[in-house]
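Trainee: Those protein sequence lines, which keep their order, are chains Y and R. Our numbering applies: residue 1 is where the first sequence begins, and numbers increase by one. Our numbering applies: residue 1001 is where the second sequence begins, and numbers increase by one. Note that the Cβ used here is the ideal one computed from N, Cα and C, for glycine as well. In this text, all values refer to a predicted model and were calculated from it rather than measured experimentally.
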Amino acid sequence: MHIPDGFLSAPVWSAFDVLAPPALGIAARRAQRGLDERNVPLLGVMGAFVFAAQMINFPVGPGTSGHLVGAALLAIALGPAAASVVMASILAVQALVFQDGGILSLGANIFNMAIAGVLAGYLPYRLLARAHRSSAIFLAGALSVLASAAFALAELILSGVPVPRRVLLLSMGFFFAGALVEGGITLAAVRAMERLNPRWFRTPEETAFPAPGWIAAAALLLVAAGVLAASTYPDGIERLAAAHAPAWVHAPLAGYSFQGVEPPWLRRVLAAAAGLLLIYGACLWAGRLISRRSA
Amino acid sequence: MGDAAIERWSRQQSVLHRRDARAKIGALFAFLAAVSTTSPDSQIAFAGYALLLAAVIAAARLPFPGLLRRAALGLPFAAGFALLLWFSGERARALALLEKCYLSAAGALLLVATTPMPELLRALEILHLPRTVVLVIHFLYRYLFVISGQARRMRWAASSRGRLQFRSAAGALAVLFARSSARASGIYQAMLARGFSGQFPALAPPRWRAADAAFLIAAALASAAVRMAL
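#1: Alpha carbon to alpha carbon, how far is Pro124(Y) from Ile137(Y)?
#2: In chain Y, which residues lie with their C-beta within 7 angstroms of the C-beta of Ile1044(R)?
#3: Excluding the five sequence neighbours on either side, which residues of its own chain have a C-beta within less than 8 angstroms of the C-beta of Val163(Y), listed in chain order?
#4: Report the start-end ranges of each alpha helix (DSSP H) in the stretch 8–72 of chain Y that is 4 residues or longer and not cut off at the edges.
#5: Can Phe1166(R) and Phe58(Y) be called in contact, C-beta distance under 7 angstroms?
#6: Mind checking if Val93(Y) is an interface residue toward chain R, Cβ cutoff 7 angstroms exclusive?
#7: Beta-carbon within less than 7 angstroms of Gly47(Y)'s beta-carbon, same chain only, minus the 5 sequence neighbours each way: which residues are those?
#8: Kindly indicate which three-state DSSP category Ala251(Y) falls into: helix, strand or coil?
#9: Should Phe111(Y) be labelled buried (16 or more other beta-carbon atoms within 10 Å of its own) or exposed?
#10: Does the CB of Ala1219(R) have a neighbour CB from chain Y at under 7 angstroms?
#11: Secondary structure at Phe111(Y), three-state DSSP: helix, strand or coil?
#12: How should His1128(R) be labelled, buried or exposed, when 16 other C-beta atoms within 10 angstroms of its C-beta is the threshold for buried?
#13: Tell me, to the nearest whole angstrom, how far the beta carbon of Leu1103(R) is from that of Leu1067(R); I am working on the premise that it is less than 8 angstroms.
#14: Can you name the start and end residues of the alpha helix (DSSP H) that Glu1099(R) belongs to?
#15: Taking 7 angstroms as the cut-off, decide whether the C-beta atoms of Leu1062(R) and Ala1082(R) are in contact.
#16: Is it buried or exposed, Pro1065(R), if we count other Cβ atoms within 10 angstroms and call 16 or more buried?
#17: Can you confirm whether Tyr1049(R), when its beta carbon is compared against all beta carbons of chain Y, has any partner nearer than 7 angstroms?
#18: Could you give the first and the last residue of the continuous alpha helix (DSSP H) run that contains Ala86(Y)?
#19: Any idea what DSSP makes of Thr1037(R), helix, strand or coil?
#20: How would you write the range of the alpha helix (DSSP H) that Val1056(R) sits in, first residue to last?
#21: Less than 7 angstroms between the C-beta atoms of Val1226(R) and Ala1045(R), yes or no?
#22: Should Met193(Y) go down as buried or exposed, given a rule of 16 or more other Cβ atoms within 10 Å for buried?
#23: Find the nearest neighbour of Ala1092(R) within the set Thr1115(R), Thr1038(R), Leu1140(R), judged by alpha-carbon distance.
#24: Closer than 7 angstroms, CB to CB, is Phe174(Y) near chain R or not?
#25: Kindly indicate if chain R contains any beta-carbon less than 7 angstroms away from that of Val45(Y).
#26: Is it right to say Asn197(Y) is buried, meaning 16 or more other beta carbons lie within 10 angstroms of its own, or is it exposed?
#27: Does the count of Cβ pairs from the stretch 69–82 of chain Y and the stretch 114–124 of chain Y closer than 8 angstroms reach three?
#28: Taking 8 angstroms as the cut-off, does the stretch 176–189 of chain Y touch the stretch 28–47 of chain Y (at least 3 CB pairs, one atom from each stretch)?
#29: To the nearest angstrom, how far is it from the Cα of Ala116(Y) to the Cα of Met1(Y)?
#30: Would Ser159(Y) and Val12(Y) be called neighbours here (beta carbons separated by less than 7 angstroms)?
#31: Report yes if the CB atom of Asn109(Y) is closer than 7 angstroms to the CB atom of Tyr1188(R), and no otherwise.
#32: Can you tell me where the alpha helix (DSSP H) holding Phe1196(R) begins and where it ends?
#33: Along chain Y, which residues have their Cβ under 7 angstroms away from the Cβ of Ile1137(R)?
#34: Could you tell me the alpha carbon to alpha carbon distance between Val981(R) and Gly44(Y), rounded to whole angstroms?
#35: If the cut is a Cβ gap below 7 angstroms, which residues of chain Y does Arg1155(R) touch?
#36: For chain R, is any of its Cβ atoms less than 7 angstroms away from the one on Asn39(Y)?
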């Protein structure tokens, strides 16, 4: 689901355009570390492969067909950092050359598919692949599509695109169907590839840690569910904040906007960016703390 | 896929083709931001943006029909949401959604239709997009058509043998993956043999001229003027 320009409101697209580049920068640095410094041709060609693979139709049910999205497959084959870089590059080329997805909404699209989608696909694989390999791969494909779609829908709703309850339920149904299809395609593709060359996919080794991994997986699911719930019932969140938050938390973000800045849309941009930054920082800090304690 | 069109357009000559890619990127962002923040009720402003775009297309000496048709590729997706808006009674917003979507797509198309891909990527690298990402986009774009061609031939072959089953589609995907992976290692070996150091040697760095600054300022002012005045 590539969001074109014209759908997202200024606060939403600008917040994601501010957040996506640093996240992509981190992924790029980690991808470079994991790879031979000069082997970027591999990543580029893998991007071209996913692009071309989307032309191969998989028959699903009578008269309909689906195709690979690829975030989970890339995450399994290349690792999460490299997969993020490749997915982001695919999205950039689709937006620039194929008019598929917007330029201003590129940050949001990158976040949905190249960051949330890749992580949601990688974590179940990382955590479950040793014990239940097939279900881990299926889950990777399904969750990555589900996470991307949930974020995209939430962004549209936050931007004020009216989504009536019936349409919301209908699109959730489509998302679940799409998730099952992606899970099935990912599993079938990985199996077929392993028959050709078993060395392409290494099962992740059992290292000490999974605690932060589980926490990250849980956090991602919570955020996806929370974002969806928050955007469906925005009034509920505001009421909750009004009732329970201490005044100093409430004041600067009142009504999700900054006081004292003139144009109202700019106020909302600042508020949205500040809120996302706060969450970002809190997650980073918590992650540090946990990994230090477990080390 | 008729994507050779963009390659062809981007290598033509015109005032706009000669401008520095950074100026065009800045102008595009100013235009897109103006369009995005325009109130749905000011239909006349959208006409103003359309006139601006038409003037730029004419200055770039690009063919109107081809360009306008390509910009409409994203409209079916927008039309679904526009219908939703229309039937919930917000006719102005439905119309504005389609207009914003189309104008933004046409603006973005103008950037790639007047800037060859290597030049555009070079500009993005100067503007601090991570170098790994720039290189990956470079290779992706370069091999996209080769591997898509391979996928298309495999699809033809499969469909001439009958209906493609789920498992055989997965097999086709695996073969495509194997070929792509073999191609990638071939490319990598060939580049190492030619002394690739992880970075493309830059030809002459792009030069920022007064005309580039003038173009950027004019485009930003024109977009802002339409946004404020109409």
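Mentor: Let's see:
#1: 8 angstroms
#2: Think of a sphere of 7 angstroms around the beta carbon of Ile1044(R): no beta carbon from chain Y falls inside it, the nearest being about 18 angstroms out.
#3: Leu153, Leu156, Ile157, Ser171
#4: The alpha helix (DSSP H) runs lying completely inside the stretch 8–72 of chain Y and spanning 4 residues or more are 10–34, 40–53, given in chain order.
#5: Contact flag set, yes.
#6: At least one chain R Cβ lies under 7 angstroms of Val93(Y).
#7: Val86, Ser89, Ile90
#8: Confidence is the limiting factor: at Ala251(Y) the pLDDT is only 41, short of 50, which leaves the residue's position unreliable and the question unanswerable from this model.
#9: buried
#10: With 7 angstroms as the cut-off, Ala1219(R) does not count as an interface residue toward chain Y.
#11: helix
#12: His1128(R) is classed as exposed because its beta carbon has fewer than 16 other beta carbons within 10 Å across all chains shown.
#13: The Cβ separation is near 13 angstroms, so there is no contact.
#14: 1091–1114
#15: no
#16: exposed
#17: no
#18: In the sequence under discussion, the amino acid at residue 86(Y) is Val, which differs from the Ala named in the question. Per DSSP, Val86(Y) belongs to the alpha helix (DSSP H) from 80–97.
#19: helix
#20: 1043–1059
#21: yes
#22: Met193(Y) counts as buried, since at least 16 other C-beta atoms from the protein chains shown sit within 10 angstroms of its C-beta.
#23: Thr1038(R)
#24: no
#25: yes
#26: Per the 10 Å Cβ criterion, exposed.
#27: yes
#28: no
#29: Answer to the nearest angstrom: the Cα atoms are 13 angstroms apart.
#30: yes
#31: In this structure, Tyr1188(R) does not lie closer than 7 angstroms to Asn109(Y) by Cβ.
#32: No alpha helix (DSSP H) contains Phe1196(R), which DSSP labels as neither H nor E.
#33: Ser89, Ala92, Val93
#34: What the structure shows of chain R is the stretch from 1001 to 1230, and residue 981(R) is not part of that stretch, so it cannot be assessed.
#35: Met55, Ile56
#36: Yes - at least one Cβ of chain R is within 7 angstroms of the one on Asn39(Y).
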